[in-house]
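> What follows is a structure written as C-alpha cells; I'll ask about it next.
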Amino acid sequence: GGIITQTPKFLIGQEGQKLTLKCQQNFNHDTMYWYRQDSGKGLRLIYYSITENDLQKGDLSEGYDASREKKSSFSLTVTSAQKNEMAVFLCASSITSGTYQDTQYFGPGTRLLVL
Amino acid sequence: GDSVTQTEGPVTVSESESLIINCTYSATSIAYPNLFWYVRYPGEGLQLLLKVITAGQKGSSRGFEATYNKETTSFHLQKASVQESDSAVYYCALGNTNTGKLTFGDGTVLTVKP
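From first to last, the protein sequence lines are chains A and B. Under my numbering, the first residue of the first sequence is numbered -17, with each subsequent residue one higher. Under my numbering, the first residue of the second sequence is numbered -3, with each subsequent residue one higher.
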C-alpha cells in the first residue's frame, strides 16, 4: 500500500497573495493530479502530470501554476488568491494515465480560506 | 465537454432499505468512457468504490452494484439493503480514455438512519 500526504491541511491567505500547496505520494505512481472542490460540487481538474517535469493543463488551470519536481511530489501554486477561491484542493495519483485508466488514489485535501 | 449528472442529495434512507443513486453521463468525444463510483466516508479521503470499463458489464463492491448502460448512458448505484456505515458522499465519475481525465458529478450525500 501507499499514502498521499498533502501539506498544509489548512491554508489561510490574504487576497492577492501567492500560496503554495504540496503533495507527496509513496505509491511510486507515474501520474499525479490536482483537483479543486467547491462546497457541494464535484471535483474539477486543475493540472496533472504524467511524469517528472511534465505538466498538462486541466479544465481550471487559469490562476494556478504547478510543478512536478520529482516523481513523488507535485506542488500547486495559487498565483493570486481571490475571495471566491475558498475550496478544498485534492491531490491524487495513479499508475498511468491514458487509454487504460488506473484507479486514482486521493490525499486528504488542503482547505484554503482567503481573508 | 464531458458531463455527469447524479441524484441531488441529501438522500436519507432507513437501515435495511434498498437504495438507488442515479447517474447519467454525456461523453462528447469518446464512445466508450470508463465509469466509476467514488465514495468519501466521514473523516476519510475520497476512495474508489467500483469501476466498470466495458459497456454492458456490472461492477460490485461492499454490496453495491452498478451496471454500465450505454443505451441509456447511465451508471446507477444500487444496494439491496443499506447499513448505517454506508452513510457517506458518493460521486459518479466518467473517465475519458483519450485524455485520461476524470469528470465528476456533484456528489450525493447519503444518510442511513438506524
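All C-beta atoms in this analysis are idealised placements derived from N, C-alpha and C, irrespective of residue type, glycine included.
Pairs of beta-carbons, one from the segment 63 to 81 of chain A and one from the segment 71 to 86 of chain B, closer than 8 angstroms: are there three or more?
no
> Could you check if B:A28 is buried or exposed, using at least 16 other CB atoms within 10 Å of its CB as the buried criterion?
Mapped onto the second sequence, residue 28 of chain B falls at position 32. Reading off the sequence shown, one finds Tyr at residue 28 of chain B, where the question assumed Ala. It counts as exposed.
> Which residues share a DSSP beta bridge with A:T(-13)?
As a first step, residue -13 of chain A must be located in the first sequence, where it is residue number 5. Under DSSP, the beta-bridge partners assigned to A:T(-13) are A:Q6.
> Using the Cβ count rule (16 or more neighbours within 10 Å means buried), how would you classify A:S57?
In the first sequence, the residue the question calls residue 57 of chain A occupies position 75. Under a 10 Å Cβ-count criterion, A:S57 is classified as buried, with 16 or more other Cβ atoms of the shown protein chains found around its own Cβ.
> For A:E67, count neighbouring Cβ atoms within 10 angstroms of its own Cβ and tell me buried if that reaches 16, exposed if not.
On the first sequence, residue 67 of chain A is found 85 positions in, with the first residue counted as 1. Classification of A:E67: buried, given that the 10 Å Cβ count is 16 or more.
> Taking one C-beta from the segment 82 to 95 of chain B and one from the segment 29 to 41 of chain B each time, how about it: are there three or more such pairs within less than 8 angstroms?
yes
> Going by Cα to Cα distance, which pick from A:V96, A:A69, A:S43, A:L95 is closest to A:Y15?
Position 33 of the first sequence holds residue 15 of chain A. Of the candidates A:V96, A:A69, A:S43, A:L95, the one whose C-alpha sits nearest the C-alpha of A:Y15 is A:S43.
> When you compare each of A:D20, A:T85, A:D12 to A:N35 by their alpha carbons, which one comes out closest?
The residue given as residue 35 of chain A occupies position 53 in the first sequence. Checked all of A:D20, A:T85, A:D12; the closest Cα to A:N35 is A:D12.
> Touch check for the segment 58 to 77 of chain B and the segment 42 to 49 of chain B: three-plus C-beta pairs under 8 angstroms?
Segments in contact, yes.
> Which bits of chain B does A:L58 rub up against, with CB to CB less than 8 angstroms?
Position 76 of the first sequence, counting from 1, holds the residue named residue 58 of chain A. Neighbours of A:L58 on chain B: none; closest Cβ ~17 angstroms, over 8 angstroms.
> From A:F88 to B:E67, what distance separates their C-alpha atoms?
Along the first sequence, read from residue 1 onward, the residue named residue 88 of chain A stands at position 106. Along the second sequence, read from residue 1 onward, the residue named residue 67 of chain B stands at position 71. So the two alpha carbons sit approximately 31 angstroms from each other.
> Got a sec: which bits of the segment 11 to 28 of chain A sit with their beta carbon under 7 angstroms from any beta carbon on chain B, in order along the chain?
Taking 7 angstroms as the Cβ-Cβ cut-off against chain B, the residues of the segment 11 to 28 of chain A that qualify are G22, K23, G24, L25, L27.
> My parser needs the beta strand (DSSP E) runs of 3 or more residues fully inside the segment 38 to 71 of chain B; what are they?
43 to 48, 54 to 57, 60 to 63
> Between A:L27, A:G22, A:S49, which lies nearest to B:T104 when the distance is taken from Cα to Cα?
Locating residue 104 of chain B in the second sequence gives position 108, counting from the first residue. Looking at the Cα atoms, A:G22 is the closest of the given residues.
> I'd like the span of the beta strand (DSSP E) that includes A:M14, first residue to last.
As a position in the first sequence, residue 14 of chain A is number 32, starting the count at 1. Note, A:M14: beta strand (DSSP E), 13 to 19.
> What distance in whole Å lies between the Cβ atoms of A:T85 and A:K0, which are believed to be in contact at a cut-off of 8 angstroms?
Counted from its first residue, the first sequence places residue 0 of chain A at position 18. Counted from its first residue, the first sequence places residue 85 of chain A at position 103. Contact doesn't hold; Cβ gap of about 33 angstroms is too wide.
> If contacts are defined as beta-carbon pairs under 8 angstroms, then A:T61 and A:Y46 qualify, I think. What distance do you get, rounded to the angstrom?
Indexing the first sequence from 1 puts residue 61 of chain A at position 79. Indexing the first sequence from 1 puts residue 46 of chain A at position 64. Rounded, the Cβ-Cβ distance is 7 angstroms, consistent with contact.
> Mark A:F(-8) as exposed unless 16 or more other C-beta atoms lie within 10 angstroms of its C-beta, in which case mark it buried.
On the first sequence, position 10 is the one that residue -8 of chain A refers to. Per the 10 Å Cβ criterion, exposed.
> Which residues mark the beginning and the end of the beta strand (DSSP E) in which B:L106 is found?
Locating residue 106 of chain B in the second sequence gives position 110, counting from the first residue. Bounds of the beta strand (DSSP E) holding B:L106 are 104 to 109.
> For A:D84, does the three-state DSSP call read helix, strand or coil?
Here residue 84 of chain A is taken as the residue at index 102 of the first sequence, counted from 1. In the structure shown, the three-state DSSP call for A:D84 is coil.
> Going along the chain, which residues of its own chain have a beta-carbon closer than 6 angstroms to the beta-carbon of A:R93, five neighbours each way excluded?
Here residue 93 of chain A is taken as the residue at index 111 of the first sequence, counted from 1. Here the set comprises F(-8), V70.
> Using the C-alpha atoms, what's the distance from B:I16 back to A:K52?
To locate residue 52 of chain A, count along the first sequence from 1; it is residue 70. To locate residue 16 of chain B, count along the second sequence from 1; it is residue 20. Distance between the alpha carbons of A:K52 and B:I16: 42 angstroms.
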